[in-house]
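*Asks:* My questions will all concern the structure given below.
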Amino acid sequence: MSGDKKVVLVTGGSGLVGHAIQTVIQKEERDDEDWIFVGSKDADLSDCAQTKALFNKYHPTHVIHLAAMVGGLFHNMSHNLDFLRKNIHINDSVLQTSFETGVVKVVSCLSTCIFPDKTTYPIDETMIHLGPPHPSNFGYSYAKRLVDISNRAYYEQHGCLFTSVIPCNVFGPHDNFSLQSSHVIPALIRKLHDAMERGMLSGSPEETVFTVLGTGCPLRQFIYSLDLAKLIVWVLREYNSVDPIILSVDEKDEVSIRTVAENIAQAFDFQGEIHYDSTHADGQFKKTASNAKLRSLIPHFQFTPFEQAVKDTVQWFKQNCHIARKN
1 MSGDKKVVLV TGGSGLVGHA IQTVIQKEER DDEDWIFVGS KDADLSDCAQ TKALFNKYHP
61 THVIHLAAMV GGLFHNMSHN LDFLRKNIHI NDSVLQTSFE TGVVKVVSCL STCIFPDKTT
121 YPIDETMIHL GPPHPSNFGY SYAKRLVDIS NRAYYEQHGC LFTSVIPCNV FGPHDNFSLQ
181 SSHVIPALIR KLHDAMERGM LSGSPEETVF TVLGTGCPLR QFIYSLDLAK LIVWVLREYN
241 SVDPIILSVD EKDEVSIRTV AENIAQAFDF QGEIHYDSTH ADGQFKKTAS NAKLRSLIPH
301 FQFTPFEQAV KDTVQWFKQN CHIARKN
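First residue of the sequence shown? That's 1 in UniProt numbering, and the numbers climb one at a time after it.
Structure (structure tokens):
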């Protein structure tokens, strides 16, 4: 191994985005980087001793930090303390160990949900700390905001190039398809798949109802995991600022949850009824993000069309539902 070869450690490497980065890297032909993907089975990153042992094993020069305790709206609402404490411990452990072991660059993954609840739209990178986040997921949001603060502190005190990316809602193959704790697209894919299976077993598939919690009105930007993976790899190689950067589809590509449900139904060729259960909370109505900074740096990046990305994700789940994460 040459002295200038990068050793890239990807935490959370067995998750949605980690798998997507593996797919992207495998299609490249480069010999100047070694990539190591680790998951929760390799180390509990909220434990400093385990984190140090992991870094001493692989000696990374660069880190893509994806590991986090994550969940959907309703799981967040009932477990804010757990999300706060676990993610603070994980992030502090990874950044401090990166500093202590001389890691050249860390790219941490945040989320658009960290932005203030009461704000103007579109949101951009300068607005992260300008007010409290939505109360439904304040634990996760504040823990992730602290990554940006830590990055700046490590840079000011030690000159470390620790930065962060802020994706909009991510989905794709290898997502978590839990009905209780996953995000909206994988949860709806799982729900419709299960409902259609029950309909087939009962002998009346035409009477199957696809129930979506909430009114279907909230608006969201969704990024396909393979698109996000390409952008994160670009950030690792080319983006050299501690200031965070939003990785999102364009504002014009924002869609309603109703559109999401309809696209999933179309991908399954579902012919039954879609029912919106308005007795359940919608959460934040919108959180439109500006990708102007990203577009100024790589203006011609092509995002996968939403309908195609949903179709590909549904197809992957149908083929892999027996091994897909559902917890």
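For each residue, glycine too, the CB sits at the ideal point set by N, CA and C. None of the values given here were measured: they were computed from a predicted structure.
Since Ala-289 sits in a beta bridge, which residues does DSSP pair it with?
*Replies:* Answer is Ile-123, bridged to Ala-289.
*Asks:* With H, G and I counted as helix, E and B as strand and the rest as coil, what does DSSP make of Met-1?
*Replies:* Here Met-1 scores only 41 on pLDDT, less than 50, and its place in the model should not be relied on; the value that follows carries that caveat. Coil.
*Asks:* Out of Phe-306, Asp-124, Arg-30 and Arg-237, which one is the CA nearest neighbour of Glu-262?
*Replies:* The option with the nearest alpha carbon to Glu-262 is Phe-306.
*Asks:* Please work out which residues of its chain come closer than 6 angstroms, Cβ to Cβ, to Lys-286, disregarding the five sequence neighbours upstream and downstream, and give them in chain order.
*Replies:* If we look at Lys-286 and ignore the five residues flanking it on each side, its Cβ neighbours are Leu-219.
*Asks:* Assign Thr-120 to buried or exposed, taking buried as 16 or more other Cβ atoms, counted over all protein chains shown, within 10 Å of its Cβ.
*Replies:* Exposed: under 16 other Cβ atoms inside 10 Å.
*Asks:* Could you tell me the alpha carbon to alpha carbon distance between Asp-32 and Leu-236, rounded to whole angstroms?
*Replies:* Approximately 14 angstroms, taken between the alpha carbons.
*Asks:* With distances taken from CA atoms, which of Gly-172, Phe-162, Asp-253 and Lys-318 is nearest Val-242?
*Replies:* Closest by alpha carbon: Phe-162.
*Asks:* Excluding the 5 residues preceding and the 5 following Ala-20 in the sequence, name in chain order all residues of the same chain whose CB lies nearer than 8 angstroms to its CB.
*Replies:* The residues are Gly-172, Pro-173, His-174, Ser-225, Leu-226, Leu-228 and Ala-229.
*Asks:* Looking at C-alpha atoms only, which residue of Lys-6, His-65, Tyr-58 and Lys-5 is the closest neighbour of Gly-15?
*Replies:* Comparing Cα positions, the closest option is His-65.
*Asks:* Going straight from the alpha carbon of Met-1 to that of Val-165, what length do you get?
*Replies:* Low confidence applies to Met-1: its pLDDT is 41, below 50, so where it sits in the model is not reliable, and the reading given next is rough at best. Those two C-alpha atoms are separated by around 29 angstroms.
*Asks:* Which full runs of the alpha helix (DSSP H) of 4+ residues lie inside the region 17–81, going along the chain?
*Replies:* Taking only runs of at least 4 residues, the alpha helix (DSSP H) segments lying wholly in the region 17–81 are 48–58 and 73–78.
*Asks:* Do Ala-281 and Gly-214 have their C-beta atoms within less than 8 angstroms of each other?
*Replies:* Yes, the Cβ-Cβ distance between Ala-281 and Gly-214 is below 8 angstroms.
*Asks:* Taking C-beta to C-beta, are Asp-148 and Pro-133 nearer than 8 angstroms?
*Replies:* Their beta carbons are not under 8 angstroms apart, which means Asp-148 does not touch Pro-133 by this criterion.
*Asks:* Would a C-beta distance cut-off of 8 angstroms place Ile-123 and Ala-289 closer than the cut-off?
*Replies:* Cβ distance < 8 angstroms, so Ile-123 and Ala-289 count as in contact.
*Asks:* Relative to the C-alpha of Leu-54, which residue among Gln-221, Lys-86 and Thr-101 is closest?
*Replies:* The shortest C-alpha separation from Leu-54 is found at Thr-101.
*Asks:* Please classify Ser-14: does DSSP put it in a helix, a strand, or coil?
*Replies:* Coil.
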